[in-house]
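Note that the working numbering has the sequence shown beginning at 3, numbered continuously upward.
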Amino acid sequence: FCDLKRFLRENYDNAVYVAALQSEVRRLQGEGRRCLIFANSDDEAQRLILPNIPDARQWGKGGASAGDGPLVVTVHRGAWGLNLQREADCIVCRPQPGDVVEQMKGRVDRPGQARDDLQL
């Protein structure tokens, strides 16, 4: 498994990921959705997501930066404990282990959420 992860990290063309991410975020926003984008690392958020998604804003120590664009948070910082129901009603991410996905869903799918359907 470690060899596979290393191979993918060293040989994967990030342009494909960025194009797919842009397309999915545009589609969801066109449907009136508010996107929460989970990055696998700070580096991925800074180099690939924030510069390539229009109006994207990052979750920081003080919370979300101002604006209405998609919110970007790292899996490490954002999968547990945050209440992001006011910020998003759909999640965009790379494939994650099942237990992490459940925690991600819990950041958005909470009592009081304006929408009754969560898209992942």
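Don't be surprised by glycine CBs; every beta carbon is placed ideally from N, CA and C.
- In the displayed model, I39 falls within a strand according to three-state DSSP.
- Residue pairing from DSSP leaves C4 without any beta-bridge partner.
- For A68 and Q98, the gap between their C-alpha atoms comes out near 28 Å.
- Taking a cut-off of 8 Å on C-beta distances, the region 40-56 touches the region 70-80, as three or more cross pairs fall below it.
- With at least 16 other beta carbons inside 10 angstroms of its own, E89 counts as buried.
- For G62, the uninterrupted beta strand (DSSP E) run begins and ends at R59 to G62, by DSSP.
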